[in-house]
Each structure stands twice: as C-alpha cells, then as structure tokens.
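As structure tokens, the structure follows; a few thoughts come after it.
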Amino acid sequence: MRTPLVAALLAVATLALSTTPVAAEPANDSLTWSVTPSGPQGPNGRTALDYKLDPGATITDHLAVTNHSRRPLTLRLYASDAFTTAGGGFDLLAAGAAPRDAGGWVTLARTTVTLPKSSRVVIPLTLTVPGNATPGDHAAGVVASLTDAGTGTGPDGRRVTVDHRVGTRIYLRVTGPLRPALTVTDVQLTSGSSWNPVTLPHLTATFTINNIGNVRLSAQPSVHAHGPFGLGERSANGAAVPEVLPGGSLRTSIRLDGVPPLLREQLAVSVLPAAAGGRAIDPAPARAESQHTVWLIPWSQLGLLALVTAIVVGRLLARRRRRRALREAVAAAEQRGREQAISAEEGPS
C-alpha cells in the first residue's frame, strides 16, 4: 500500500491498514512507501498475514517494505494490537502504547530500515503464540512509520509530532472453542415528521454493535417496524459492516422512511452476523435483536382532521343560522300580512 507523506494522519491510518492496496503516483517532492505480505523473494499477492495456529506454536513469515519515492527513506518498523474504531474501521494502538495481545507476539528481524530511492527490502518476522493464548481470533498489524515534526502546535504551544504509518494486517486464529456473538445495545430512537399530512413520518435508530465473542464477524444491521395487529409494516437495511473484532464495538444508524403513524409502533433493531474473511465458523453465529416500542402521534393528520372538522361544523352552523333567519323572516312577513289584513277589515265604516 502506498500513501503520501503530505496526507493527513487520519487518512494515512485509514489507508495504511486497508486490505486493498492503494495505488498512487507519488509527486516529485513526496515520500511514499508500502508494506505488504511477502515471500523470501518478494511480495506474493497476499493482502494480509493470515494464520491459524495452536497455542505455543511459532511461524516465520516475511514482509516487503518498498520505497516508491525518488529519494532515500528511513522508517521505523513495529507491531501492535488492532482494534475496531467507533466508525467501524481497523486501526492499531498509538506508537507509544504497549501491545498486550497479538501485536506483542510478533518479533521483527529489523526495527529500522533505510531504503534507497525506488528500492525494496524483505524483512523476516516471527510470530510465537503463547501457550496460554485464548482460543479465537486475534488481530494486529505491522507498520512502517515515519515521524514528522509537523507545522502545527498543541494547546501547550509545543509543536505537534505526526506519526505517518503504513502497514499490513495480521489475522491470527488460535485453535479451540469458538464463540461467535454480537449484541445490540444503547439504542436511541428519534422520529421526524412534516406538517404536510401527506408525508409520513420517519424513524431513526442509532445503536451500538458489540462483538462479545472471540471471532471477528461481519454484520448486516436492519430495522423492522409495524403498528398494532401488524399493520403498516416497514423495514430497512443499514450499511453492511465488513468487520468487528472481538471485544470491539461501533456506532451506526438506520433511517426508516414512510412509517404510518398508528400510535403504538413496535420496532426491532437486528444484526445478522457472518464470518469475516471467508473463514468458516462452527457454531454459526445467531442474529442479535433489540425490541422497542415507539409512540407516533399523527399530529399533522390530526391537525388536518381538526381543520376539516372545523370547516364542516362551521358550514353546518352557518347553514342552520341561515335557515333560522329565513324562517324568522317568513314568520315576520306572515305576521305583517295578517296585521295588514285585519287593518283592512276594520277600516272606516
């Protein structure tokens, strides 16, 4: 994978540990390098260092570090533990943090390398699984790091140091019982509606997906809602999650549009897990689900109903007043007619 030195640290960290190689033409004044899985003679097409080992086992492998720049480059090499970011990404502990898992089981033949321009070096590595390692998946990474003093300053006025890292992932499965399991927690439900009574409300579910098992899993989140007696069923899928490492969690949201406001709405947030990386899982992971009740008051529809009712009642009352006035006018006219007739009969004799 390649990434320019001038890129922001966040972008570098994201690109650096992707399983898809990043292709870019380096500018004349940029430094770019890559770290890829390798055989003794050079890269062999793998996208990650992927192993299945018994506790106590040792494996030797290789990494290729390539300088794509037009000038020499000195890099620091180290391994560290991986974790799932809040947004669902794959990242490693900061350079100063000591690894406590698979990152600490890796030994590199060299920890510093100086590369001439447009050159490559193959670095042997050894991974030794402790005898008491827990079964399941362990994730780590090896990075080639270049520290840059940067141009910004922190709150204390000191210059900020930026660690530009490019690396490759390590996936290790330690043999033993597997416990694939995801949970859905911290569900927050919000609703939104328009004053246009024709537009139906929407529901947004924001929730956390947690990997509480010992296997890395992909996940397909979804929401399903319905009113009383199953009326007005609606469902929507969220963005697929490629990977959640054991012990990791991420926050995501799904918006469900066009929900009929039938007062009491039943809503289920579910996550369907699957094996990440194509490895079979036995037992198969079960769907995780969280059930909730939401009250959707049809305010705009009630407002329209109130308006229509007011118009109808107003017209009925107006019609009643007109009829009453007409009857009173007819009665008054008849009374005047009778009075005039009596006056004519009693005229001068």
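Numbered per mature numbering (1 follows the signal peptide of the UniProt record, and there is no 0), the sequence shown spans residues -24 to -1, 1 to 325.
Note that beta-carbon positions come from the ideal geometry of N, C-alpha and C, so glycine has one too.
Return yes when the Cβ of residue j is within less than 8 angstroms of the Cβ of residue i, no when it is not.
i: N189; j: I146; result: Asn is not the amino acid found at residue 189; the sequence shown has Gly there. Going by C-beta atoms, G189 is not nearer than 8 angstroms to I146.
i: L103; j: P156; result: no
i: A109; j: L221; result: no
i: V142; j: S10; result: yes
i: P75; j: L69; result: yes
i: S266; j: T60; result: no
i: A40; j: T8; result: no
i: R240; j: T180; result: no
i: R210; j: V247; result: no
i: P204; j: L176; result: no
i: P92; j: P48; result: yes
i: residue 379; j: P259; result: The structure shown does not extend to residue 379, since the chain spans only -24 to 325, so no value can be given for it.
i: L243; j: V288; result: no
i: V160; j: A294; result: no
i: L165; j: V270; result: yes
i: A58; j: D67; result: yes
Under a Cβ-count criterion, where at least 16 other Cβ atoms within 10 Å of its own Cβ denotes burial, should residue i be classed as buried or exposed?
i: L207; result: exposed
i: R227; result: exposed
i: I185; result: buried
i: residue 329; result: Given a span of -24 to 325 for the chain in the structure shown, any question on residue 329 remains unanswerable.
i: V284; result: exposed
i: V136; result: exposed
i: G290; result: exposed
i: H214; result: The amino acid occupying residue 214 in the given sequence is Gly; His does not appear at that position. G214 is buried by the Cβ-count criterion.
i: V245; result: buried
i: A216; result: exposed
i: P153; result: exposed
i: D113; result: buried
i: D77; result: buried
i: D233; result: exposed
i: G21; result: exposed
i: L25; result: buried
i: S319; result: exposed
i: G272; result: First, the residue type needs correcting, since residue 272 is Leu and not Gly in the sequence shown. Answer is buried; the Cβ neighbour count reaches 16.
i: A286; result: exposed
i: A301; result: exposed
i: E321; result: exposed
Tell me, to the nearest whole angstrom, how far the beta carbon of residue i is from that of residue j; I am working on the premise that it is less than 8 angstroms.
i: P31; j: G107; result: 5 angstroms
i: residue 339; j: L53; result: The structure shown does not extend to residue 339, since the chain spans only -24 to 325, so no value can be given for it.
i: V98; j: P16; result: 6 angstroms
For residue i, I'd like the list of residues in its chain whose CB is within less than 8 angstroms of its CB, leaving aside the five on either flank, ordered along the chain.
i: V82; result: A55, L101, T102, L103, A116, V118, I146
i: A(-17); result: With a pLDDT of only 30 at A(-17), under 50, the local geometry of the prediction cannot be trusted, and no value is derived from it.
i: A307; result: none
Does any residue of chain C bring its CB to less than 8 angstroms from the CB of residue i?
i: V235; result: The chain inventory of the structure shown lacks chain C, comprising one protein chain alone.
Between residue i and the rest of its own chain, which residues show a CB-CB distance below 6 angstroms, the 5 nearest in sequence each way excluded?
i: T151; result: D30
i: A250; result: S194
i: K28; result: R149
i: A71; result: D139
i: Q316; result: none
i: S95; result: N43
i: R297; result: none
i: P19; result: T12, A40
i: E310; result: none
i: G168; result: H178
i: R303; result: none
i: P218; result: S194
i: Q196; result: A216, L248
Excluding the five sequence neighbours on either side, which residues of its own chain have a C-beta within less than 7 angstroms of the C-beta of residue i, listed in chain order?
i: T163; result: Inspection of the sequence shows that residue 163 is occupied by Val rather than by Thr. Same-chain partners within the cutoff: A181, F183, V245, S266, H268.
i: T90; result: P48, T50
i: A305; result: none
i: I257; result: L154, P156, V191, A251
i: A33; result: V105
i: S14; result: N20, H38, L39, A40, V98
i: T144; result: V11, T12, P13, A24, L25, L39, G117, V118
i: N4; result: Confidence in N4 is poor, its pLDDT being 42 and thus under 50, which makes the residue's placement unreliable; the coordinate value appears in the next sentence. Cβ within range, chain order: R46.
i: A201; result: L179, R210, L232, V235, E241, Q242, L243
i: A62; result: L226, R227
i: G223; result: N187
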